[in-house]
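Chains as they are written, first to last, in our numbering: chain A, 1215 to 1554; chain B, -14 to 316; chain C, 5 to 279.
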């Protein structure tokens, strides 16, 4: 099998507080293969956005930093590269789009100028060729009447249009990996459908890989090949999209799926709740961060953070992994009954 | 008798760019203890409608009747007696609270404004905190010390302080994580069962509306495209717009292949309303009649009211888009 | 109180605050240490500072005690500075709040009013009004206030416009609060944070304006402020420079202290509440 486009190993990112460094992203392992879509799903505070910023080396200086681990983009370790070299890779090999399309664009520059900037960051085009490429990009993202749009300013455009332009700028230099941080959370369902369809189309056309960060299982079901579930800065489960939906092993994943609403029967009166709240990072102890909210909690969960185990082996598509003592117990029992 | 009755409501707001026709001839009723789900895309006028019901935006036409009383043009003084009956909770749970007021002060504000003395108000606030699932010590803390879900509970506590009969919920859970969303939806349900409040639940999230609403109204450019009761609406949506909205919701099943026809374009500007059907610009089935004649809301056999020339109301046969989407001109 | 703790943690605000405290102290102890009229002639003229034990800061051209005049000047200078800034604050916040809260013709009218005063050159306006109406302390305070309110109004207007859009204002209206109640009870407490910081600076501006007037001999002749002292020493700058320099240094230190406090306040009051 070919080398993955992105291979993240033991990534830890910390934010700087008055009392010292506070680790948010804790020992994250993640692989994205060529042309694959990986979804990171988690709720506010799980560290998914900080992880994404770490991958792009866009952490605010002095306030957050990568504490350890590797971010291998093809053959280079982004975590160790000096800033100047990373800047050369951004846009060309790895690009990102963000949640709020309105703030992704510079309000005092025309659309055309911004796209041109994105192109010229890595490709030396000028004049007519540059303009032609800008229009080509706008057509790629289905912006109607692209020639006219070049002269407009972002405030005249809707959220959906701004997000498409942000996508156009991100793919201007055909990156191998596009990171999308909650790209449709701020958009209406119809516009979301359009943007997701556009991302699929671009993937098919350019063969780029997509790392999509979301809290919406619907988006995951539609877009992802593999899913990573994050909680309190750690990966708690990973598997193919089918494995996660049909056979979730971690109680958090199970809980989230149970309360996910989607149109269609059956109807329940009360939505199942996950009791409690996400623990503060400062209060994170040695055990499993989900212990206080878990229905299957055992004594060992509070004493020791669970190790990641493989629940199913499927070397073609990667393994179904989960970090949970209860799940480990259940899978052992399951393996015993099936195999013997 | 309905609790709230809206008849041909019009809200046209003058802005720098022109007259915004936010609400154009809307009519529906809400009965006691009922939840109406109002669905539509951003800019379709649903938030403006919510505000108009609370008389926070002026109605430029039509009638709003609350508890049998016409409140459309009441002056400020007469409104004072009516205001406690209808309250609102907001999408931006942080912006909905004064950052300089403690939670206790924010929740107690409607009480103090209607003449409660400090002692009784404080007791009532503690009662409300318990009802929405917040601890007693929340009273003296500030909004920035709470999470989004907790702030939304504070907003809810404030809204129920005066025992309203109707609460307009303007996208109350859109900004929340899924697990918190479930908690707040359950809370709203519990409060409704306990206190008999009606909700006008405004949202662009169809799944949430399907879960919580007894009846559903679909809005487009300030007009009703379709409305119906829970049992019939989701089984048999008739209007092309409703069907397109439903098709756009990502299915939570990885094996379901998405329907190819994704609705193109965006909601057009409501400054210059098109003649005829408001949905014509994006509708893959629009005919000449649709462009010139505005369809009226008619009762279909299944029980839904639908405003579309192409729906055969007698037999519930609705128009089917073809497999390939007919590309629509951009707005 | 939160505020005092934050204040003392901010080095800028703390330094400025301490300096101001010194000035205030001087103003307060003046009648105690120097009970007699400071403008009284007490000794030989033109004694250099730091030479004579009786007159630590020397004497001026007429034989008046420099130290006594400086200490007494603290009170008058501060008083005029603070009152003028307060006048500007009251006028500016009122007009700015109305301009920001109300749309339509009221908002427009008050907005244009602010712009009108923006175009008037400050010093020229002050000089013109003083020559017209005379140089009495109360009038000077009012005139300086009249010239300085416009920047406060602009800031207030911008802040009010931003806060007005928040949903909690809608919630207040939904419970029947009046406009006045909303402006004073809900919006201004939030909007005033940056305004207070700027106002501190406008005290400095007022002091400088008054000093300028007095220096030119257009101030109130019965009051002895630092500006007046600087002006009195104008003719002897080359020979007895200290007569102008010492009150000049006092003005500089006070203005500097005020700007430190203003910057510090800006830091303390703003970011917290912006959430």
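Ideal Cβ placement from N, Cα and C applies to all residues, glycine included.
Please report whether the beta-carbon of residue i lies at a distance below 9 Å from any beta-carbon of chain C.
i, result
"residue 160 of chain B", "no"
"residue 94 of chain B", "yes"
"residue 2 of chain B", "no"
"residue 140 of chain B", "yes"
"residue 106 of chain B", "no"
Please list, in chain order, the chain C residues whose beta carbon lies closer than 9 Å to that of residue i.
i, result
"residue 73 of chain B", "171, 174, 175 and 178"
At a CB-CB cut-off below 7 Å, which residues of chain B make contact with residue i?
i, result
"residue 1350 of chain A", "Within chain B, no residue comes near residue 1350 of chain A; the closest Cβ sits about 18 Å away, beyond 7 Å."
"residue 193 of chain C", "85"
"residue 190 of chain C", "83"
Show which residues of chain C have a CB atom less than 7 Å away from the CB atom of residue i.
i, result
"residue 65 of chain B", "180"
"residue 77 of chain B", "171"
"residue 89 of chain B", "Ordered by position in chain C, no residue passes the 7 Å Cβ test against residue 89 of chain B, which lies about 15 Å from the chain."
Tell me the DSSP bridge mates of residue i?
i, result
"residue 355 of chain B", "No information on residue 355 of chain B is available, as it lies outside the stretch -14 to 316 that chain B covers here."
"residue 46 of chain B", "B/-5"
"residue 1286 of chain A", "A/1221 and A/1291"
"residue 9 of chain B", "B/-5"
"residue 1245 of chain A", "A/1221"
"residue 21 of chain B", "B/185 and B/200"
"residue 16 of chain B", "DSSP lists no partner for residue 16 of chain B."
"residue 76 of chain C", "Per DSSP, none; premise fails for residue 76 of chain C."
"residue 1524 of chain A", "A/1535"
"residue 51 of chain B", "B/-11 and B/54"
"residue 1252 of chain A", "A/1425 and A/1440"
"residue 1237 of chain A", "A/1228"
Step through the CB atoms of chain B and report whether any lies within less than 9 Å of the CB of residue i.
i, result
"residue 1556 of chain A", "Only positions 1215 to 1554 of chain A appear in the structure, and residue 1556 of chain A is not among them; the question remains open."
"residue 1231 of chain A", "no"
"residue 1250 of chain A", "no"
"residue 1459 of chain A", "yes"
"residue 1421 of chain A", "no"
"residue 1455 of chain A", "yes"
Quick check: is the beta carbon of residue i nearer than 9 Å to any beta carbon in chain A?
i, result
"residue 156 of chain B", "no"
"residue 98 of chain B", "no"
"residue 200 of chain B", "no"
"residue 240 of chain B", "yes"
"residue 163 of chain B", "yes"
"residue 30 of chain B", "no"
"residue 174 of chain B", "yes"
"residue 132 of chain B", "yes"
"residue 311 of chain B", "With a pLDDT of only 39 at residue 311 of chain B, under 50, the local geometry of the prediction cannot be trusted, and no value is derived from it."
Report the neighbours of residue i on chain B: residues whose CB is nearer than 9 Å to its CB, in chain order.
i, result
"residue 1281 of chain A", "The premise fails here: residue 1281 of chain A is roughly 26 Å from chain B at the closest Cβ pair, so nothing lies under 9 Å."
Kindly list, in the order they appear in chain C, the residues whose Cβ is closer than 8 Å to that of residue i.
i, result
"residue 143 of chain B", "175"
Give the interface partners of residue i over in chain A, defined as CB-CB distance under 8 Å, in chain order.
i, result
"residue 231 of chain B", "1477"
Which residues in chain A have a C-beta closer than 7 Å to the C-beta of residue i? List them in chain order.
i, result
"residue 247 of chain B", "1407, 1408 and 1411"
For residue i, verify whether its CB is less than 8 Å away from any heavy atom of the ligand COA.
i, result
"residue -6 of chain B", "What this structure holds is no ligand at all, so the ligand COA is not there to describe."
Residue i versus chain A: which residues are under 9 Å apart at the beta carbon?
i, result
"residue 274 of chain B", "None at all; the shortest Cβ gap to chain A is about 24 Å."
Going along chain B, which residues have a C-beta under 8 Å from residue i?
i, result
"residue 1435 of chain A", "235, 236, 237, 238, 239 and 241"
Pick out the complete beta strand (DSSP E) segments inside the region 195 to 220 of chain B, 3 residues or longer, and give them in chain order.
200 to 205 and 208 to 214
Touching by the beta-carbon criterion (3+ pairs, under 8 Å), the region 11 to 27 of chain B and the region 168 to 185 of chain B:
yes
Which ranges would you report for the alpha helix (DSSP H) in the region 1291 to 1356 of chain A if only whole runs of at least 4 residues count?
1297 to 1303, 1315 to 1318, 1325 to 1334 and 1341 to 1354
Could you pull out every unbroken alpha helix (DSSP H) segment of at least 4 residues lying fully inside the region 1393 to 1477 of chain A, listed in chain order?
1403 to 1420, 1431 to 1437, 1455 to 1460 and 1465 to 1473
Check whether the region 261 to 273 of chain C and the region 190 to 205 of chain C touch, using three or more Cβ-Cβ pairs below 8 Å as the test.
yes
Segment contact, 8 Å Cβ cut-off, at least three pairs: the region 1254 to 1268 of chain A with the region 1421 to 1430 of chain A
yes
Would the region 1441 to 1458 of chain A count as touching the region 1401 to 1419 of chain A if we require 3 or more Cβ pairs under 8 Å?
no
Given 8 Å as the limit, is there contact between the region 1435 to 1447 of chain A and the region 1506 to 1517 of chain A, that is, 3 or more CB pairs closer than that?
no
Should the region 138 to 152 of chain B be called in touch with the region 69 to 78 of chain B, which here means at least 3 C-beta pairs below 8 Å?
yes
Across the region 199 to 210 of chain B and the region 4 to 13 of chain B, are there enough close Cβ pairs to call them in contact, namely three or more that are closer than 8 Å?
yes
Kindly confirm or deny that the region 1298 to 1308 of chain A and the region 1274 to 1289 of chain A touch, where touching means at least three C-beta pairs closer than 8 Å.
yes
Does the region 107 to 114 of chain B touch the region 150 to 160 of chain B, meaning 3 or more C-beta pairs lie closer than 8 Å?
no
Given 8 Å as the limit, is there contact between the region 1353 to 1360 of chain A and the region 1371 to 1390 of chain A, that is, 3 or more CB pairs closer than that?
yes
Does the structure place the region 94 to 104 of chain B close enough to the region 178 to 194 of chain C that three or more beta carbon pairs sit under 8 Å?
yes
Jot down the residue ranges of each uninterrupted alpha helix (DSSP H) in the region 182 to 262 of chain C, minimum 4 residues, whole runs only, in chain order.
192 to 219 and 230 to 236
Using 8 Å as the cut-off, can you tell me whether the region 101 to 111 of chain C makes contact with the region 184 to 193 of chain C, which would need three or more C-beta pairs spanning the two stretches below that distance?
yes
Touch test, the region 214 to 222 of chain C against the region 114 to 134 of chain C, Cβ-Cβ under 8 Å, three pairs minimum
yes
When you compare the region 279 to 298 of chain B with the region 29 to 49 of chain B, are there three or more beta-carbon pairs, one atom per stretch, that lie closer than 8 Å?
no
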